[in-house]
Structures are given as structure tokens and as C-alpha cells.
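First up is the structure itself, then whatever we jot down about it.
Residue numbers (this note's numbering), protein chains in the order written: chain A, 128 to 312; chain B, 37 to 541.
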């Protein structure tokens, strides 16, 4: 009986470890929908979700949720990222690879480019950018590839075509497409 | 004090004296056995008016039918001219062999027999000069009339149901199975209640080993009274450590007969308006009598739907809690956002909410069952609609959890057997706890434990998971989810070990 109890307790502890030591309430998190990446130098991430905007230095984000909590930021849930906006000087291939291999965010987000200013500013200018980008895709005929599609193009063909965003007044527009190329490794 | 009551103290063995009433068969001993019983009555009679031929009549009022006693017993004793001419011994023989207008008259030699005959509703005629007695069956047949099977309604099926009289119930079965192969054996269970328990089976069809086991287990029951279904079920079943029923309780004689034809054994208990079918299997508990009456395609779809509902009621709350707490990436964005919005001002955690609502659902159901018809419905409406919507509006619970629990609850009602549904409800609670504690990993592990538990169950040597599993060394056979037309089902289920598997040409 004692042996069974010990095995049971070890089993429970193991289950706790395997399952991530407790769940998190959805009500206490912000679902990040759009992430703008600016860099290099100090890489800055601007995250938009649930009408809120969060600007983080990459090292804070790298510190994990504890780091975010230390900054007074609500827990950011990166499981539902829909759009990834990359700034002018960002290494696109590296960024896409990081996004695709991130264990939570995955590779379903669409990829956009921002030229002529930081990508984070775009989110500040248009707080409802997530909805606008969805509208551009659904109603404006814009063809934005997903992270997986873009990465696949870059890997197989060495180049991919990404839509470029610009701001005119309070309008967010797609000015065209840019061919992003990588040199074969 | 332990949770499950006081610590068990080794006590005296249950005394069983045989015979229960010892002593010679005399009028005084019979009266002594019924001392201080106001319903016991005795009367001294003279055969054909001859004071030398004295007879004592004993009966228990309310157990005998007065008109029958008057017409079939007292009238011949007083008016039969042949009794005047015969000596007392001759009178006894004449009365035993047709002098009384009764279907059943038998001599009684022992005090025990006489006492229990009186308790069964017979009249005992005691001849003091001979020290012998006659037992005349004149029991009253007052009982509830046969009514609709309220708990198992069906459209294209018979409308009669079992009543509390075991003999009426056996007649309902006999009227459907007019076969001499239908055997009806009887055991008396309960020292004080002396409840007749009948075992029904089709000789040559049912597994003789199962029949022998049922007979043996019934004989081994040594309790004071067998008044409830539990008194029979819990003594006959293979294991007590499961929330799932091992026998199917049915109100419907047609369903009982159909399963007798399949090779099952039935148990009818006097005083219970249900029949028990064994061995019980998962397939039996998820089948409804209506399935045989419906078109086979419709029936196949409905059976599949029922299994889907079973999975829904078992796993939906657990999967919801696991997804919300551990795996939000599984939830589509619009749904995730609406869940977050709905939970914005709710003070309780998702697991706590789900468990409380599941318990509240059980409380409302229990309250509805315990109250008379209309009042029960009112409680359900008040509890389910008014309190539920008020709780959502007051932000005490989130609507998503309410919807999930309500869906799971309603899906549970599609299970035809309420006993089986009870076991499912208990496991639903455990699965939800596992989902809240360990996410999908916990749900998966609890599901494995559940399947392991079910796979470990056997009822009279038949695998409980039949038709999804088979007895040792046998192939899985038959149809579970998808029914086939009845003309194509030419064999009885192999799992029931029938001696004659062919059931049609």
C-alpha cells in the first residue's frame, strides 16, 4: 500500500512536470495578434493584441514571461499571432526562421514588410492594424504569404515576395511587393 | 472516525436456525408463532356440523382473499355431505384430493411450513386429532395494474411494463415466449422478507454455466430483506468496485424477452417493477428497444449518434478545461477572444467553475427526481434557466462553461440506461479534474485508466466491453456502432456463449 502511494505521488509529480506545472487562465492573458519587428542593433518587438500595444526590447522578451511581468506587462499569449510585420533593416530569413521554430507561435502568421520607417510605428499609428491587415487580405486582394510559405520559398527558390505597407494619413496601404532574396548557404 | 463509517468490529456470525420455528405442528404452536400479530386470525370449525370432527382454520388477514376463503374453503367444509359420513382421516384425504374448490391444496407436516404458508397468503386447516394440516392457496392478488413503461418509452413497441408482482411479471414474459424451453426457477431471498426471486432463461439457448452461477449466487445471499434492486444486484455482480452497472434493469417485458432469445438470463424480484438482464455489456446499455423497431439505417445512425453523445458527455468538459487552461493554441482566435471577453469579470477559475456547474447540474437533477412531477419540472426550470441565466448576468459564471456543462449534461440523457449514465457522470467529474490539473495529458491518462477499468470488468465471464472486446481467446464479432438488417443477423452474440447460436434460417 505504501509502495503504491509512493508510486502514485511520483506519478502525479511527473504529470505536473510534463504538463507544465499548472494551467493559465485565458482571462489573464492578452492574445497577441500582430508583432512588429525592428532592428538590428537593439531589436525591438511591438506586440498588438486586444486593443493594447506593448513595445519590448528583445532581451526583455527573451527573459520570458517573468521578464514581461517585471515590466508590468500582462501575460502575452503568442499562440494566436496572425501577422508579422518586419521593419526595414531586419534580416527577413533569420526572423522567419525564429518565428517558425518558436514552440508556441508556429508558422501560420502572414508576413508583411514596412519600408520608410520602423514597423513598430505602424502599430502606433494604426492601433487597429490587425483588423486592417485582415481586411486588406480578404477584401483588398493582397496576397500575403504565411511564415511557412515565405520560408519555403526562401529555402527552395532563394527568394520570396512580400507585401509592403505604408501609411498615408490614417490609412494603411499596400504600396507593392518586394522580392526578398537570400544568398544560398 | 474513518470517512466510510466506523471501523469494522468482528461480530458474531449471522445465526440461522433451521427450522426457524421448531416444535411439533400444533394449533398452539402456530398461535405462538403469530403472538402479538393483530392481523393473525384463527377459527374453530366442525366438519359438516359434527362437533367430533374439529378443524382449526388459520389465516393472516389482508394476505388472503376473503371471498375465496368463504366460497372455496368454508362452504365445502360446512356443506359437503360426504364429510359427515367419513371418519376424520377420510375427511382429510377427501379435502386434500378435491373436496376443496381450490387450485392448490397440499398437506403440511411441519410447523415451519405452516407458518410460512400463512405468510405467503394461504389458509391453513389444522386437524388437531391427526396433528396434520392442509394448505390452501387463497392469496389476494391486489396489485397495481399494468401500465406504460414510463422510464423506457418507445413508439413502435408494446406499451406494457412490469409490475410489483413477480407472478404477473412471469406471465407477461410467458405471453410473449410461449415456449416450454422458457424455464422459471425460484429462490427465496431474505430471512425476514422471504422475497421470491425468479430466474428466467431459455433452456438450450442460455449458457448453463451462467444459469448455474446465478442460481448459486442467489442461494448464497443471506440477508434480512431483499426489498430493493441493490439487494439483488450487489450480491449477484462480479465486482462492487465500479460505478458502472453490471445488469440491465428494464421495465419492458418485450425487451426482456428479446434478450432471453439472445441467450441472456433474466432475474425478476417480487416487489420490484423491473427485470434484470445479465450478463450486462456496454453494447446492451447503449441499445434501446426502439432500435429494433426502427428502420435499420435510421437505427444505425441513431446508435452511432448515441456513442458520439457518450463521448461528448464524458470528455467535453474535460477537453474544454484542458484547452482553456493548458492549450489555448487549440482554440481558434475568434472563440478564444469570446471566451476571454466572457470571462473578463468572472471571479472564479475555469476548473472551479466547471466543477461547480457539474455538481450544480447533478443537484438540480436530483432535486427534480425527488419531487413530484410538476414540482420537479418547476425546480428544473428554476435551477436551469432562472438561476443559470442570473448567474451569467451577474458574472458569477461564464457563459462558455455553462454551455459546455449543459451540452455535456444533455448529451448524457441520450444514454438509454440511467444506471450506466450514472457511472459516466462520475467519470466525467474525474476526467474534468484530470484535465484541470494536467491538461490534455491528464485527460488522456484518465481516459486510459477508464478504458483499462472497463476492460478489466467481466460479468459472468463475459467481457464488459463487448462488442468492442471479446472473451479470452475469442475474436471480436458482431456489430456495435452500425446495425445490420435483422434478417442478416443469423447468429446470437458469441460473447453470451449460447449453446445454440443460430437464431433464424
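For glycine and all other residues, C-beta sits at the position ideal for the given N, C-alpha and C. Note that this is a predicted model, so its numbers are computed, not measured.
Min CB distance residue i to chain A below 8 Å
i: residue 484(B); result: no
i: residue 268(B); result: no
i: residue 379(B); result: yes
i: residue 372(B); result: yes
i: residue 149(B); result: no
i: residue 479(B); result: no
i: residue 386(B); result: yes
i: residue 376(B); result: yes
Exposure label - residue i; buried when at least 16 CB within 10 Å
i: residue 157(A); result: buried
i: residue 10(B); result: As shown, chain B starts at 37 and ends at 541. That puts residue 10(B) outside it, with no answer to give.
i: residue 283(A); result: exposed
i: residue 266(B); result: exposed
i: residue 275(B); result: exposed
i: residue 207(A); result: buried
i: residue 138(B); result: buried
i: residue 255(A); result: exposed
i: residue 518(B); result: exposed
i: residue 500(B); result: buried
i: residue 306(B); result: buried
i: residue 103(B); result: exposed
Residue closest to residue i, alpha-carbon to alpha-carbon, out of the options
i: residue 543(B); options: 277(B), 197(B), 353(B), 381(B); result: Residue coverage of chain B in this structure runs from 37 to 541, which leaves residue 543(B) outside it and unanswerable.
i: residue 290(A); options: 225(A), 215(A), 229(A); result: 215(A)
i: residue 437(B); options: 377(B), 418(B), 132(B), 245(B); result: 377(B)
i: residue 394(B); options: 443(B), 374(B), 405(B); result: 443(B)
i: residue 542(B); options: 54(B), 96(B), 53(B), 79(B); result: Coverage of chain B is limited to positions 37 through 541, which leaves residue 542(B) absent and any answer about it impossible.
i: residue 204(A); options: 177(A), 139(A), 263(A); result: 177(A)
i: residue 146(B); options: 477(B), 214(B), 58(B); result: 58(B)
i: residue 280(B); options: 458(B), 219(B), 430(B); result: 458(B)
i: residue 175(A); options: 300(A), 250(A), 276(A); result: 250(A)
i: residue 143(B); options: 186(B), 467(B), 160(B); result: 160(B)
i: residue 521(B); options: 331(B), 282(B), 77(B); result: 331(B)
i: residue 295(A); options: 134(A), 248(A), 278(A); result: 248(A)
i: residue 157(B); options: 350(B), 77(B), 118(B), 128(B); result: 77(B)
Contact set between residue i and chain B, taken where Cβ atoms lie within less than 8 Å
i: residue 206(A); result: 364, 365
CB contact check: residue i to chain B, cutoff 8 Å
i: residue 195(A); result: Because the pLDDT at residue 195(A) is just 49, under 50, the model does not fix this residue reliably, and the point stays unresolved.
i: residue 256(A); result: no
Chain-ordered chain A contacts of residue i [CB-CB under 7 Å]
i: residue 439(B); result: Ordered by position in chain A, no residue passes the 7 Å Cβ test against residue 439(B), which lies about 15 Å from the chain.
Contacts that residue i makes with chain B (C-beta to C-beta distance below 9 Å)
i: residue 209(A); result: 369
i: residue 158(A); result: 364, 369, 372, 373, 376
i: residue 143(A); result: 473, 474
Residues that residue i bridges to, as DSSP identifies them
i: residue 219(B); result: 237(B)
i: residue 298(A); result: 295(A)
i: residue 343(B); result: For residue 343(B), which the question treats as bridged, DSSP gives no partner whatsoever.
i: residue 142(B); result: 171(B)
i: residue 284(B); result: 313(B)
i: residue 210(A); result: 161(A), 237(A)
i: residue 308(A); result: 286(A)
i: residue 176(A); result: 179(A)
i: residue 160(B); result: 94(B), 171(B)
i: residue 232(B); result: 224(B)
i: residue 76(B); result: 96(B)
i: residue 382(B); result: In DSSP, residue 382(B) forms no bridge with anything.
Under 9 Å by beta carbon: chain A residues contacting residue i
i: residue 361(B); result: 149, 150, 151, 152, 153
Test: residue i CB closer than 8 Å to a CB of chain C
i: residue 540(B); result: The displayed structure is made up of protein chains A and B, and chain C is not among them.
Check: residue i C-beta below 7 Å from any heavy atom of the ligand FAD
i: residue 482(B); result: For the structure depicted, the ligand FAD is absent and the ligand set is empty, with no information on it obtainable.
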